[in-house]
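What follows is a short report on a single structure.
In this note's numbering, the protein residues as written are 154 to 379.
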């Protein structure tokens, strides 16, 4: 009887240990699954992208009134930019010979389109008698003034400044030789992170539009171009 009782006790102990081991294994398995899910979730959450534009939103009614009152036309385009910045991402300088492409800071549309639209907007603000077109439709339009822009520098140093240098050309229906000018503008971008860079770029492009508008106005009124 003592031997039988001992045997039963051994079987009970073994069953108890097996049960505890099984419960522990299931618990460890569940923990491992949770850790794996958390890891997959972290890997699957890409950093959020931010999109920027050079263009403020113009009231549609104002644009319509300007079109109706137009006495001459301007077509903006084509616009060319350096290949190094001809991409959706911001490109910034980190040193004399080093640049960085910022994957999470992007232009809302191709940079050439951003610049063309910003210049067209700037011209419309300064030349209320002009009918403005830009982008893909501009080169084919029979405009009184056709403006091409070749951007030579579109550089940003975070926390410091941006530089926009452009050579722009005005062709008219009457002049045999196009008018060629250059504009270079620096704008401070000392605060506000990448919002400050986008705003500084917008100001520099707007000043370029101001130069072009001043020259067009002089030509339209028969004065010497600036």
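Note that beta-carbon positions come from the ideal geometry of N, C-alpha and C, so glycine has one too.
From this set, the options, which residue's C-alpha is nearest residue i's C-alpha?
i	options	result
residue 244	268, 275, 315 and 284	315
residue 222	304, 283, 332 and 322	283
residue 335	352, 344, 365 and 246	365
residue 236	330, 305 and 258	305
residue 242	345, 203 and 248	203
residue 209	361, 355, 329 and 370	355
residue 258	248, 347, 337 and 319	347
residue 267	252, 248, 238 and 256	238
residue 325	206, 375 and 250	375
residue 147	230, 207 and 252	Only positions 154 to 379 of the chain appear in the structure, and residue 147 is not among them; the question remains open.
residue 253	303, 240 and 302	240
residue 263	207, 363 and 345	207
Less than 8 Å separating the beta-carbons of residue i and residue j?
i	j	result
residue 228	residue 299	yes
residue 340	residue 246	no
residue 234	residue 269	no
residue 332	residue 342	no
residue 148	residue 358	The question about residue 148 has no answer here: the residues shown for the chain are numbered 154 through 379.
residue 317	residue 338	yes
residue 261	residue 205	yes
residue 368	residue 323	yes
Classify residue i: buried if its beta carbon has 16 or more other beta carbons within 10 angstroms, exposed otherwise.
i	result
residue 311	buried
residue 275	buried
residue 328	exposed
residue 249	exposed
residue 330	exposed
Tell me which residues share the same chain as residue i and place their Cβ nearer than 8 Å to its Cβ, disregarding the 5 neighbours each side in the sequence.
i	result
residue 225	282, 283, 284, 297, 298 and 373
residue 265	231, 232, 233, 234 and 239
residue 218	With a pLDDT of 47 at residue 218, under the threshold of 50, the modelled position of this residue cannot be trusted, and the question is left open.
residue 313	341, 342 and 343
Tell me whether residue i counts as near the ligand COA, meaning its Cβ is closer than 7 Å to at least one heavy atom of that ligand.
i	result
residue 333	Among the components of this structure there are no ligands whatsoever, and the ligand COA is therefore not found.
Less than 6 Å between C-beta atoms, sequence neighbours within five positions excluded: which residues of the same chain meet that for residue i?
i	result
residue 353	315, 340 and 342
residue 200	257
residue 303	233 and 320
residue 344	none
Tell me which residues share the same chain as residue i and place their Cβ nearer than 7 Å to its Cβ, disregarding the 5 neighbours each side in the sequence.
i	result
residue 255	242, 243 and 245
residue 363	275 and 279
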